[in-house]
Amino acid sequence: MTTNSPLFDINQLNSEHQKIFHIVYDELKPHHTSYVQYKIDLQLKTNLDIEDEDNEWRYEVHRYLRARKWHVTRTIKCILEMIQWRKDHHVDSILEEQETALQVELLRKIVPNVYHGNTKDHLPLYIEKSGLAHVDKILNMFTPEGLIRCHIYILEYNCQLTRECSRKLGKHVETFAMISDLNGCKMDLRKVLHLYRQAVYIDENFYPERLGHMLIVNPPVIFPILWNLVKHWLDPVTQEKIIVMKKGHETATTLLRYIDSDNLPKEYGGSCNSCPTFPECIPIYDWSKDTATNDKPGS
């Protein structure tokens, strides 16, 4: 049964943080009012509930305050930049863009991934076989702008899932979890690291405090090289949320601490048997049978 989203409780904050919250919230109130009107004017398929929007906005302000270490000026600046970025890139309507949805489906063939239930903490779980990514197909079939738009689409979908979880549970859920399987990863992944850096910038600046856990499994021998290239782009708090597991028994043992067995694919030590593609929870597209694909950007 669906319930309303739990209300933001400012009493969860200490007195000093409550004062800071009110300063930022009051300063941004006219900007948020204008932003909500902008979203109403988009005439999206899902009607906006003004009270629900204000409640979600309070959680948004709280996330930014945590991410910016409760610095008032910096938080206000970052939130205003976020609002403008969302307007400039039409982010609030992205989940209704058929063209982008088709591009995300194409990307799923190139980088196998799936949404797979929830963690024990009720975080939406996204699993990606990053190591099986067809790097040349990514570069040939997507423009950089198109690929980043797919990334934004996936982020927005994850955020939508957290709101659905909150309503269903009657308990606030604002983060999502990810398993990144690097089995099969090769050094040619370096060809897309510049795009990964753009994605990290978007994550850190426009979706702060959204990652709950990132669980990396099957790291290859070259992983330390790749990690040394990218870890400097990540906020220290984000780095702490990334857990790298050695191959073998440790993988299943660690994953089962975060995810119930029936919500975890069998290949990772779980007992899931409810997926439509069982026993493959993360379908891998067979490109050898594809004769109609046109390897051109945006095809």
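In full-length UniProt numbering, the protein residues as written are 1 to 299.
Virtual Cβ for every residue (Gly too), placed ideally from N, Cα, C.
This one's a predicted model, so the numbers in the text were calculated from it and none came from an experiment.
Cβ-Cβ distances below 6 Å link GLY117 to LEU125, ASN263 in the same chain, with the five nearest sequence neighbours on each side left out; the list follows chain order. In this model, LEU256 and ALA133 are separated by some 25 Å (Cα to Cα). Contact between the region 60-72 and the region 186-201 is not established, with fewer than three Cβ pairs separated by less than 8 Å. Close CB contacts of ASN4 within its chain, under the 7 Å cut and outside five residues either way in sequence, are with ARG167 (chain order).
Here DSSP, grouped into helix, strand and coil, assigns VAL111 to coil.
With fewer than three CB-CB distances shorter than 8 Å, the region 231-240 does not count as touching the region 263-276. The DSSP-derived three-state label of ASP181 is strand.
DSSP places VAL36 in the helix class (H, G or I) of the three-state scheme. Within the same chain, HIS122 come within 7 Å of LEU169 by CB-CB distance, once the 5 residues on both sides are set aside. Going by C-alpha positions, PRO219 is about 13 Å away from LEU189. Here SER261 is not near MET214, since their CB atoms are 8 Å or more apart. Taking C-beta separations shorter than 6 Å and ignoring five residues to either side along the sequence, the partners of LEU95 in its chain run GLU156, following chain order. Counting only residues of its own chain and dropping the five nearest sequence neighbours on each side, THR251 has a CB closer than 6 Å to the CB of VAL217, MET245.
The continuous alpha helix (DSSP H) containing HIS151 extends over residues 144-169. With contacts defined by Cβ atoms closer than 8 Å, VAL72 and ILE23 form a contacting pair.
Within the same chain, Cβ atoms closer than 8 Å to the Cβ of PHE278 are found at CYS272, the five residues on either side in sequence being excluded. ILE242 is not a Cβ neighbour of LEU195, given a cutoff of 8 Å. In the DSSP assignment, MET214 is bridged to MET178, ILE242. Secondary structure at LEU125: strand, using DSSP grouped into helix, strand and coil.
Proximity to GLU174 across ARG58, LYS191, PRO112 peaks at ARG58, based on C-alpha coordinates. Runs of alpha helix (DSSP H) with 4 or more residues, each lying fully within the region 231-276, are found at 236-240, 249-258, listed in chain order. DSSP places TYR64 in the uninterrupted alpha helix (DSSP H) bounded by 50-67.
When beta bridges are read from the DSSP output, ASN118 appears opposite PRO124. Residues LYS87 of the same chain have their beta carbon placed closer than 7 Å to that of TYR38, with the five preceding and five following residues left out of the count. Per DSSP, ASP88 is one residue of the alpha helix (DSSP H) stretching across 72-88. About 5 Å separates the Cβ atoms of VAL114 and ILE282, confirming a contact at the 8 Å cut-off. Sixteen is the threshold: since fewer than 16 other Cβ atoms of the shown chains lie within 10 Å of the Cβ of GLN12, the residue is exposed.
A check of alpha carbon separations from SER130 across TRP85, ILE10, ILE284, SER288 identifies ILE284 as the nearest.
Under the DSSP assignment, ARG197 falls in the alpha helix (DSSP H) whose first and last residues are 193-206.
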